[in-house]
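Colleague: Under our numbering, the first residue of the sequence shown carries the number 5, and numbering increases by one thereafter.
Beta carbons: idealized from backbone N, C-alpha and C, even for Gly.
Predicted model, so just to flag it, every value in this text is computed and none were measured.
Provided herewith is a single structure, encoded as structure tokens, for subsequent inquiry.
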Amino acid sequence: MTDIINTLAGIAAQDPLDKLRDHRAQAKDNAQLSFEALLEPAETGGFSHRDRYAVAAFTAGLLGAPAAEEFYRDLLRDEDEVASWEIAELLDEVLLELDSRSTVRGPYGTFESAALAAENIPGPWLSVEKKSSEVLGAQLAAGLEFAHLLVLHPRDSRPEHMALLLDAGWDEDSIVTLAQLVSFLNFQIRISTGLTALVHAPATTLPPVSDEPPEAGDGDGEATSARDSAASSKGSEALARVGERVSTYPGLTRPELFQQSGLGWVPWISPVAEADLTDVQREALIEAGRAKNPYFRLLARDPAALRARTLTDLDIFFNTTDGLGRAERELAATVASRLNGCLFCASIHSDRATEESGRRDLVQTLLDTGVETPSNLGDAVWDAVVDASAALTLTPQAFGPAHVNALREAGLDDGDIIDVLNCAAFFNWANRLMLSLGEPEVLAPGK
5 MTDIINTLAG
15 IAAQDPLDKL
25 RDHRAQAKDN
35 AQLSFEALLE
45 PAETGGFSHR
55 DRYAVAAFTA
65 GLLGAPAAEE
75 FYRDLLRDED
85 EVASWEIAEL
95 LDEVLLELDS
105 RSTVRGPYGT
115 FESAALAAEN
125 IPGPWLSVEK
135 KSSEVLGAQL
145 AAGLEFAHLL
155 VLHPRDSRPE
165 HMALLLDAGW
175 DEDSIVTLAQ
185 LVSFLNFQIR
195 ISTGLTALVH
205 APATTLPPVS
215 DEPPEAGDGD
225 GEATSARDSA
235 ASSKGSEALA
245 RVGERVSTYP
255 GLTRPELFQQ
265 SGLGWVPWIS
275 PVAEADLTDV
285 QREALIEAGR
295 AKNPYFRLLA
305 RDPAALRART
315 LTDLDIFFNT
325 TDGLGRAERE
335 LAATVASRLN
345 GCLFCASIHS
355 DRATEESGRR
365 DLVQTLLDTG
375 VETPSNLGDA
385 VWDAVVDASA
395 ALTLTPQAFG
405 PAHVNALREA
415 GLDDGDIIDV
425 LNCAAFFNWA
435 NRLMLSLGEP
445 EVLAPGK
């Protein structure tokens, strides 16, 4: 089958960049397998091909990726032309609202911790109107609202959003697949954006699109508060209806600030019990020890997607036969996590960046001050990696040929640059899963 990432990036088979991608062949192949598992599975369960293509087209439109949007809308048209037009109209409305708030771009949202309130960025929420819901169906309408949350403001995720999906007819297995699908597309489209810039970088030295991360306090606070209040009311009612199917952890010790290490993670919906894992699910974990981890047991509800994602992850971060250093790979993951507001992922990967580099204070500065561009950490390579990772994480993406040139000027070759792109793009996948399916907790000493 045609490699979708290459298609979206305009890279032909056996082109030099295609051959460079083959240096991470397992990541390349399993990104394609993720597409097949999430968009074109033989057995769809409670999540039809039509609804998968609709979510994909909507997600691509939110990400500002016209080629990807058209690709997925074309798949949707083959299933349901009326739904395709409804998705297009819904996107027009959503993007018009975003454009009217010119100072708001993703990732925006509200931190649960009061200590991070200065970084809160209000922005629009999606509530699919009754007319669209009647055309698309209540279950898909709820899925599109969830996709809007994950793409634009993932740190606004709360247990109530699991309840809203359950209440609309999604079950636990299909919720995991939905979260995987939207999160995977955030990887697929971002890596294709980065590769497109790499294709065009030799021909231009144009300045990049502004890649300043969003500023706290932007947006229409009053309108957002009203919308958020309505969503909160719906969510509370849904929580009451679904009962114990969603866990809220009232006594959980939640982190106040970004920190290196010391955090765990708890799921809002039930993982597969370790004793109940099938052979297929255990194989999808890749590493047997992951059966103890509730996050991986939750993702095991869709084993084909989990297996492909895990193999992509391992090749991107741990294949060191050539390419970018481990510290810089972890730095890219940390930048994406800090900007998206994923305290758990930032804790794990900042700690690894410190372990690989020995630069604990510099890494902590990034966690404390947030992502600022242009970066001024005092190291040319790290600054270029920070700026590139941040630009790729913004929605719509601000990464362009000038970022490629900056990475090259810092001494990175195109294989190294593909590693930067892979790492930053992958954590736009990982962050969204962690943020939307559960939350971090502070671990007791020695745990």
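Mind the definition here: the stretch 304 to 313 touches the stretch 324 to 336 only if three or more C-beta pairs lie below 8 Å; say whether that holds.
Modeller: These segments do not touch.
Colleague: Keeping to the same chain, check which residues put their C-beta closer than 6 Å to that of Ala388; ignore five residues upstream and five downstream.
Modeller: Here residue 388 refers to the residue found at position 384 when the sequence shown is read from its first residue. Answer for Ala388: Ala410, Leu411, Ala414, listed in chain order.
Colleague: At what residues does the beta strand (DSSP E) containing Val276 begin and finish?
Modeller: In the sequence shown, residue 276 corresponds to position 272, counting from 1. Counting along the chain, Val276 falls outside any beta strand (DSSP E), and DSSP gives it neither H nor E.
Colleague: With distances taken between CB atoms, is the gap from Leu303 to Ala295 smaller than 9 Å?
Modeller: For this step, residue 303 is matched to residue 299 along the sequence shown. For this step, residue 295 is matched to residue 291 along the sequence shown. No, Cβ-Cβ distance for Leu303 and Ala295 is not below 9 Å.
Colleague: Looking at the strands, I want to know which residues DSSP matches up with Glu445.
Modeller: On the sequence shown, residue 445 is found 441 positions in, with the first residue counted as 1. BP columns for Glu445 point to Gly268.
Colleague: Give the DSSP-derived three-state secondary structure of Gly239 in the structure shown.
Modeller: As a first step, residue 239 is located in the sequence shown; it is residue number 235 there, counting from the start. Gly239 falls in the helix class under three-state DSSP.
Colleague: Whole angstroms are fine: how far does the CA of Glu74 sit from the CA of Arg258?
Modeller: By 1-based counting over the sequence shown, the position of residue 258 is 254. By 1-based counting over the sequence shown, the position of residue 74 is 70. Going by the C-alpha atoms only, they are around 41 Å apart.
Colleague: I'd like the list of long-range same chain contacts for Ala395, defined as Cβ closer than 6 Å, with 5 residues on each side in sequence excluded.
Modeller: On the sequence shown, position 391 is the one that residue 395 refers to. Result list for Ala395: Asp215, Ala402, Phe403, His407, in chain order.
Colleague: For Thr399, does the three-state DSSP call read helix, strand or coil?
Modeller: By one-based count along the sequence shown, residue 399 stands at place 395. Of the three classes helix, strand and coil, the one that applies to Thr399 here is strand, per DSSP.
Colleague: Got a sec? Which residues, its chain only, sit under 6 Å from Arg301 by beta carbon, not counting five neighbours each side?
Modeller: Translated into positions along the sequence shown, residue 301 becomes position 297. If we look at Arg301 and ignore the five residues flanking it on each side, its Cβ neighbours are Pro275, Val276.
Colleague: Between the C-alpha atoms of Thr114 and Pro218, what's the straight-line distance to the nearest angstrom?
Modeller: As a working mapping, residue 114 is identified with position 110 in the sequence shown. As a working mapping, residue 218 is identified with position 214 in the sequence shown. Thr114 and Pro218: Cα-Cα distance of roughly 13 Å.
Colleague: Please classify Met503 as buried or exposed, where buried requires at least 16 neighbouring CB atoms within 10 angstroms.
Modeller: Here the chain comprises residues numbered 5 to 451, so residue 503 is not present and cannot be evaluated.
Colleague: Taking the alpha-carbon of Ser236 as reference, which of Leu199, Pro298, Glu164, Asn297 has the nearest alpha-carbon?
Modeller: In the sequence shown, residue 236 corresponds to position 232, counting from 1. The shortest C-alpha separation from Ser236 is found at Glu164.
Colleague: At which residues does the alpha helix (DSSP H) containing Leu261 begin and terminate?
Modeller: As a position in the sequence shown, residue 261 is number 257, starting the count at 1. Neither: Leu261 is in no alpha helix (DSSP H) and is coded neither H nor E.
Colleague: Using DSSP with H/G/I as helix, E/B as strand and the rest coil, what is Gly147?
Modeller: Here residue 147 refers to the residue found at position 143 when the sequence shown is read from its first residue. Three-state result, Gly147: helix.
Colleague: Is the stretch 420 to 428 touching the stretch 237 to 245, taking contact as three or more C-beta pairs under 8 Å?
Modeller: Cβ pair count under 8 Å is below three, so no.
Colleague: Within 10 Å of its beta-carbon, does Glu149 have 16 or more other beta-carbons around it, so buried, or fewer, so exposed?
Modeller: Against the sequence shown, residue 149 aligns to sequence position 145. With 16 or more other Cβ atoms within 10 Å, it is buried.
Colleague: Look at the alpha carbon of Leu156 and the alpha carbon of Ser136, and state the distance between them as a whole number of angstroms.
Modeller: In the sequence shown, the residue the question calls residue 156 occupies position 152. In the sequence shown, the residue the question calls residue 136 occupies position 132. Taking the straight line joining both Cα atoms gives about 21 Å.
Colleague: Please determine if the stretch 340 to 349 and the stretch 430 to 446 are in contact, where contact requires at least 3 C-beta pairs separated by less than 8 Å.
Modeller: Output reads yes: the stretch 430 to 446 touches the stretch 340 to 349.
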